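Numbering (the working numbering), first residue to last: 18 to 103.
Structure representation (structure tokens):
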């Protein structure tokens, strides 16, 4: 389920743990599953992330996994054009 990909970032940031490389690779490969999640559920999960003290860490993980483009289509510039420094 695509929502679990967002929860991965929230829990990793909130609990301050590193995600295993194999898990990161698997999540990256499943990033398109997020398209099957309703916008309301994605928005709620992003709200929860942004309310936490380590939101920047979760967003950096989402960027690393390619989830920002999936979760916020048209809002986040193309990865080739942006110069984000998390």
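Cβ coordinates follow ideal geometry from the N, Cα and C atoms, glycine included.
Source: prediction; values computed, not measured.
Residue i vs residue j beta-carbon contact at 7 Å
i: residue 78; j: residue 26; result: yes
i: residue 30; j: residue 71; result: yes
i: residue 19; j: residue 51; result: yes
i: residue 44; j: residue 22; result: yes
Supposed close pair residue i, residue j - CB separation, criterion 8 Å
i: residue 88; j: residue 63; result: 6 Å
Exposure of residue i, with buried meaning 16 or more beta-carbon neighbours within 10 Å
i: residue 32; result: exposed
Cβ shell of residue i (< 6 Å), same chain only, five flanking positions each side left out
i: residue 2; result: Here the chain comprises residues numbered 18 to 103, so residue 2 is not present and cannot be evaluated.
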